[in-house]
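Colleague: With this note's numbering, the residue at position 212 of the sequence shown is 1035, and numbering never jumps. We put the CB at the ideal spot given by N, CA and C, even for glycine. Predicted model, so just to flag it, every value in this text is computed and none were measured.
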Amino acid sequence: MLQKLRSSRVPHLLIAALLIAPSIGAQSDEQPATSDVAEELEVRLVQLPITARDRQGNPVTDLTAQELKVKLRGTEKKIAFLEPLAPVADNRPLPKTRLRVDAPGSWQPEAESQEATAGKSRYFVVFADMENDWKLGRPDALAQALKFVEETLQPTDRFAVISYDGELRLEAPFTNHGPTILAAIEKAYSRSTGRYLDLTRRILNLVEQMTLCQTGESSFVAEFDEICIKDTAVAYSDMVRPRADGFVKALDGAVQYLSGVEGRKTILALSHGFAVEPESDIIGAARAVYGNSTDMVQWLMGVLLGDGVRPDLDRLINEAISSGVAIHFIDRNPVPNVAQSARSAAAFQPTGERPVAGAHAAAQADIEEVASSTGGVLVKTLDVYEGLSRAMDLERGAYMLGYYLDQYVSPAKLGKAKVSSTRGKVKIAHRRGAYAEPGSSVGDDRVNSAIIIGDATPLEGEGREGLFVPFHILAEPRDIGYEPIKDQVASTFSMHVRLSTADGRELRDSYHLIQHSYPLELWESTEIEPIIFGGWVELPPGDYRLRAYIRNPKKNREGVAETAIRVPGA
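#1: Evaluate the contact criterion for the stretch 1175 to 1189 versus the stretch 1100 to 1112: three or more CB pairs, one atom per stretch, below 8 Å.
#2: Residues in the same chain with beta-carbon distance under 6 Å from Ala1221, minus the five sequence neighbours each way, listed in chain order, please.
#3: Once the 5 residues before and after Val1099 are set aside, which same chain residues still bring their CB inside 7 Å of it?
#4: Could you give the distance in angstroms between the alpha-carbon of Gly880 and the alpha-carbon of Ile1274?
#5: Can you tell which of Phe1097, Met1033, Met1318 and Phe904 has its C-alpha closest to the C-alpha of Asn955?
#6: Go ahead and pull the three-state DSSP assignment for Arg896.
#7: Per DSSP, what kind of secondary structure is Thr1386 in: helix, strand or coil?
#8: Does DSSP put Ser1314 in a helix, in a strand, or in coil?
#9: Do you know whose CA, among Ile1354, Arg1368, Glu1350 and Glu1046, lies nearest Gly1327's CA?
#10: For the putative contact between Lys775 and Leu1237, defined by C-beta atoms under 8 Å, what is the C-beta separation to the nearest angstrom?
#11: Please determine if the stretch 955 to 970 and the stretch 1324 to 1340 are in contact, where contact requires at least 3 C-beta pairs separated by less than 8 Å.
#12: For Glu1100, would you say it is in contact with chain B, using Cβ-to-Cβ distances shorter than 9 Å as the test?
#13: Our contact map puts Leu1091 next to Phe950 with C-beta atoms below 8 Å; I'd like the distance itself, whole angstroms only.
#14: Would you identify the three-state DSSP class for Tyr1372, choosing helix, strand or coil?
#15: Taking Gln1079 as part of the alpha helix (DSSP H), name the residues at either end of that continuous run.
#16: Which stretch, first to last residue, makes up the beta strand (DSSP E) that contains Val984?
#17: Give me the Cα-Cα distance between Ala849 and Asn1379, rounded to the nearest whole angstrom.
#18: Please work out which residues of its chain come closer than 7 Å, Cβ to Cβ, to Val883, disregarding the five sequence neighbours upstream and downstream, and give them in chain order.
#19: With DSSP run on the structure shown, which of helix, strand or coil describes Val1232?
#20: Quick one: Cα of Glu1344 to Cα of Glu1299, how far?
#21: State the DSSP-derived secondary structure class of Gly1147, mapped to helix, strand or coil.
#22: From Asp952 to Ile1303, what does the alpha carbon distance come to, in whole angstroms?
#23: What would DSSP say about Gln1037, mapped onto helix, strand or coil?
#24: Find the nearest neighbour of Tyr987 within the set Glu1283, Ala1073, Ser1103 and Ile1276, judged by alpha-carbon distance.
#25: Can you find the residues in the same chain that come closer than 6 Å, C-beta to C-beta, to Asp1048, ignoring five residues on each side of it along the sequence?
#26: Could you give the distance in angstroms between the alpha-carbon of Cys1051 and the alpha-carbon of Val1112?
#27: Can the beta-carbon of Gly1225 be found less than 9 Å from the beta-carbon of Glu906?
#28: Go to Gly1241, then tell me how far its beta strand (DSSP E) extends in each direction, as first and last residue.
#29: With distance defined between alpha-carbon atoms, name the residue in Ile1337, Val1057, Asn1271 and Val948 nearest to His1151.
#30: Classify Glu1306: buried if its beta carbon has 16 or more other beta carbons within 10 angstroms, exposed otherwise.
#31: Of the choices Leu871, Arg1024, Arg1370 and Tyr946, whose alpha-carbon is the least far from that of Met1318?
#32: Quick one: give me the first and last residue of the beta strand (DSSP E) that Val866 is part of.
#33: How would you label Arg1024, buried or exposed, when you count the other beta carbons within 10 angstroms and need 16 or more for buried?
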């Protein structure tokens, strides 16, 4: 589990002053001349990640801003720009820099990318669901996943690996270091669980239990014991619902981990998923034994009436959409080919029902809903390399769209924007946009924060030119969004710290998912202390920008602190 943080003991009034004061060491921008116009219209720029595909699902890579329309609240908005998100090679050398942030929730391997790029970073989470993965052929699947990383990893790509085998584990946080990513995927595939029956055996057992409830036949229609059927249905629901709940919570954990990132966010889920509602399994098994009786189905629906984990899946989808997370599923689980044993033939043949295939399709239908709703796809293939390549290929149709607003709209309501293309046969998928400039969020949505630069010192070591620059990141806790839990208030939020050149070329970043709590008694006091994180950068001569993005997606809270740093030459 992530550790708790202790708040630094800094006087509250001092922190309030720091949060609104310019950062020490920052290069202040020149103020514009005073306007003679009596009333000025404040314009805000919104950035919205979109994906363009044709009717066959292939990426559209040559879209232009003139071919797009953006509407919000029924009003068309002016488009500022459209930029492809695919990496663009750049031969300019990157300065040698280092960044360290002292915060929990991350691990930073000693690895640096030597290849310069002009593209924006893309963030991928490989969600390796070993709990619901087909056990046959796993060595081949692992080899295919490793081949994909080895052949496609770009300098702009940041990969994290999360595994699920009944327990969610972060095998590796975001990194561009190929060996680290490969080792994490190998570790994920080494995990397995034998606690549950596979789908085929589970459904065959259910059919067998349904058969035991038969009491006889009347007019060639099988009769059944209602109490026996009800007990069988309830027992099956009690067995599978925890597994469905676990799958949804695990996927939600991956979404939560990724949602605070600033940039293009994608989950590559290696998973068949798990049907969130057991009703389809139970009704399919009952039909296989007792026929397609409307009365039977209606009676079973009454017995099984309940939401299950469907509301949780709906919330997960909404969180992914609002956070701009696309989820692709690569499902290598084939439709089960049930051998026609006496047991299965007796159950399946009289009615033509195929409950095993139906249960397989139900799980796929749920993950396909998640994928299509978030701008992803479901790829059904036995070849994991092919599936991952197909999902990544669709990323070639990804763009960053910028448009203007002439009045403030809360970040949550930015998701109501509609984007369409005037080019025929082009489908635009998108999630929620975000304000491009720090501090554009106002009121209850904004997390007040600041970066304070300390005293810089020359780099030590022969031939090293530049400065060691310490800093502190400060954030007002009451802006982040805490919830009472017994005798505490707690919050889970993210912090993404990014170092870039003055012209916007990304150099280093550090991402942290943080669990933080206060004693309730302290929280209810009038003077609550801020959250403070320390860190440092090592920089050669040049101009740089340091930004810290702080987000709590579940509370729709976000804030950005930034400062400029100049390192003079010799």
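Modeller: Answer, in terms of the structure:
#1: yes
#2: Here residue 1221 corresponds to residue number 398 of the sequence shown, with the count starting at 1. So the qualifying residues of the chain are Thr874 and Leu908.
#3: Translated into the one-based positions of the sequence shown, residue 1099 becomes position 276. So the list reads Ala1067, Val1071, Gly1131, Val1132, Arg1133, Leu1136 and Asp1189, once near-sequence residues are dropped.
#4: Here residue 880 is taken as the residue at index 57 of the sequence shown, counted from 1. Here residue 1274 is taken as the residue at index 451 of the sequence shown, counted from 1. So the two alpha carbons sit approximately 44 Å from each other.
#5: In the sequence shown, counting from the first residue as 1, residue 955 sits at position 132. The shortest C-alpha separation from Asn955 is found at Phe1097.
#6: Indexing the sequence shown from 1 puts residue 896 at position 73. Note: Arg896 maps to coil in three-state DSSP.
#7: Walking along the sequence shown from the start, residue 1386 turns up at place 563. Looking at Thr1386 - three-state DSSP - the assignment turns out to be strand.
#8: In the sequence shown, the residue the question calls residue 1314 occupies position 491. Looking at Ser1314 - three-state DSSP - the assignment turns out to be strand.
#9: Translated into the one-based positions of the sequence shown, residue 1327 becomes position 504. Out of Ile1354, Arg1368, Glu1350 and Glu1046, Arg1368 has the C-alpha closest to the C-alpha of Gly1327.
#10: The chain is shown only over 824 to 1393; residue 775 falls outside these bounds and no answer can be derived.
#11: no
#12: The displayed structure is made up of one protein chain only, and chain B is not part of it.
#13: Counting from one through the sequence shown, the residue named residue 1091 turns up at place 268. Counting from one through the sequence shown, the residue named residue 950 turns up at place 127. The pair is a contact, with the Cβ atoms about 7 Å apart (cut-off 8 Å).
#14: Within the sequence shown, numbered from 1, the residue matching residue 1372 stands at position 549. Strand.
#15: Indexing the sequence shown from 1 puts residue 1079 at position 256. It spans Glu1049 to Ser1082 - the alpha helix (DSSP H) in which Gln1079 sits, taken as one unbroken run.
#16: Position 161 of the sequence shown, counted from the start, is the residue given in the question as residue 984. Element bounds for Val984: Asp980 to Tyr987.
#17: On the sequence shown, position 26 is the one that residue 849 refers to. On the sequence shown, position 556 is the one that residue 1379 refers to. Residue placement at Ala849 cannot be trusted, given a pLDDT of 36 that sits under 50; what the coordinates show is reported in the next sentence. Taking the straight line from one Cα to the other gives about 29 Å.
#18: The sequence position of residue 883 within the sequence shown is 60, counting from 1. Answer for Val883: Ala875, Arg876, Asp877, Gly1220 and Val1249, listed in chain order.
#19: Within the sequence shown, residue 1232 is the residue found at index 409, counting from 1. Coil at Val1232, not helix or strand.
#20: If you number the sequence shown from 1, residue 1344 lands on position 521. If you number the sequence shown from 1, residue 1299 lands on position 476. Looking at the two C-alpha atoms, the distance is approximately 18 Å.
#21: Working through the sequence shown from its first residue, we reach residue 1147 at position 324. Three-state result, Gly1147: coil.
#22: To locate residue 952, count along the sequence shown from 1; it is residue 129. To locate residue 1303, count along the sequence shown from 1; it is residue 480. Each residue's Cα considered, the two are about 31 Å apart.
#23: Walking along the sequence shown from the start, residue 1037 turns up at place 214. Correct three-state label for Gln1037: strand.
#24: Position 164 of the sequence shown holds residue 987. Tyr987 has its Cα closest to that of Ala1073, out of Glu1283, Ala1073, Ser1103 and Ile1276.
#25: The sequence position of residue 1048 within the sequence shown is 225, counting from 1. Contacts found: Cys1036 and Thr1038.
#26: The residue you call residue 1051 lines up with position 228 of the sequence shown. The residue you call residue 1112 lines up with position 289 of the sequence shown. Cα to Cα, Cys1051 sits roughly 14 Å from Val1112.
#27: Stepping through the sequence shown from its first residue, residue 1225 is reached at position 402. Stepping through the sequence shown from its first residue, residue 906 is reached at position 83. Closer than 9 Å, so yes.
#28: The sequence position of residue 1241 within the sequence shown is 418, counting from 1. Here residue 1241 turns out to be Lys, not Gly, going by the sequence shown. Unbroken beta strand (DSSP E) run through Lys1241: Lys1241 to Ser1244.
#29: Here the question's residue 1151 lines up with position 328 in the sequence shown. Minimum Cα distance to His1151 is reached at Val948.
#30: Within the sequence shown, numbered from 1, the residue matching residue 1306 stands at position 483. By the 10 Å Cβ count, Glu1306 comes out exposed.
#31: Looking up residue 1318 in the sequence shown gives position 495. Cα-wise, what sits closest to Met1318 is Arg1370.
#32: Here residue 866 refers to the residue found at position 43 of the sequence shown. No beta strand (DSSP E) holds Val866; DSSP gives it neither H nor E.
#33: Taking the first residue of the sequence shown as position 1, residue 1024 is located at position 201. Answer is exposed; the Cβ neighbour count stays below 16.
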